[in-house]
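What follows is a single structure, written as structure tokens, with notes after it.
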Amino acid sequence: MVKVSVTDLSGETRDIDAETGLSLMENIRNNDFDDLAAICGGCCSCCTCHVYVDADWAGKMPEMEDDEQYLLEDSPHFKEGSSRLSCQLEVDDSFDGLKVTIAPES
Ligand code: FES
4 MVKVSVTDLS GETRDIDAET GLSLMENIRN NDFDDLAAIC GGCCSCCTCH VYVDADWAGK
64 MPEMEDDEQY LLEDSPHFKE GSSRLSCQLE VDDSFDGLKV TIAPES
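For the sequence shown, our numbering begins at 4 and goes up steadily by one.
Rendered as structure tokens:
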């Protein structure tokens, strides 16, 4: 388990105990954040698991695959350097202390 801080669309922040080996999306959903729809279930085809990674963490995240990048760049809420699809981020010990904010849905 690692600590991840999640801010929802209303601006409320809650720390969750995130399970390693699961995606960040699954961890956020498992902790009852209804703002993260994740409609495709993690298939990298919907962009409804979009989060903004805190600026201090952006450079520490795993590289993006092309399909993640294309989906994000199509979003009107895309922010260069901080947008990620949370279903494409598998939580490991290096995520301890991560801060993310759920992005508005497109
Ligand atoms: S859940 Fe659909 S792209 Fe992540």
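No residue lacks a Cβ here, since even glycine has one placed at the ideal position from N, Cα and C.
Checklist entry - Does the distance from the CB of residue 39 to the CB of residue 28 come in under 8 Å? => result Taking 8 Å as the cut-off, the beta carbon of residue 39 is found closer than this to the beta carbon of residue 28.
Checklist entry - Got a sec: does the ligand FES put a non-hydrogen atom nearer than 7 Å to the Cβ of residue 51? => result For residue 51, the distance from the CB to the nearest heavy atom of the ligand FES is below 7 Å.
Checklist entry - With DSSP run on the structure shown, which of helix, strand or coil describes residue 95? => result Assigned with DSSP and collapsed to three states, residue 95 falls in coil, not helix or strand.
Next on the checklist: For the ligand FES, is there any heavy atom lying closer than 7 Å to the beta carbon of residue 100?
Outcome noted: Relative to the ligand FES, even the nearest heavy atom lies 7 Å or more away from the CB of residue 100.
Next on the checklist: Please determine whether the Cβ atom of residue 84 lies at a distance below 7 Å from any heavy atom of the ligand FES.
Outcome noted: Outside the cutoff, so no.
Checklist entry - Rounded to a whole number of angstroms, what is the C-alpha to C-alpha distance between residue 32 and residue 41? => result Cα to Cα, residue 32 sits roughly 8 Å from residue 41.
Item to check | Contact test: residue 92 Cβ vs the ligand FES heavy atom, cutoff 7 Å | outcome: Checking every heavy atom of the ligand FES against the Cβ of residue 92, none is found closer than 7 Å.
Next on the checklist: Tell me the rounded alpha-carbon separation between residue 68 and residue 90.
Outcome noted: Just so you know, the alpha carbons of residue 68 and residue 90 end up roughly 12 Å apart.
Checklist entry - Is it true that the CB of residue 58 sits closer than 8 Å to the CB of residue 78? => result Taking 8 Å as the Cβ cut-off, residue 78 and residue 58 do not qualify as a contacting pair.
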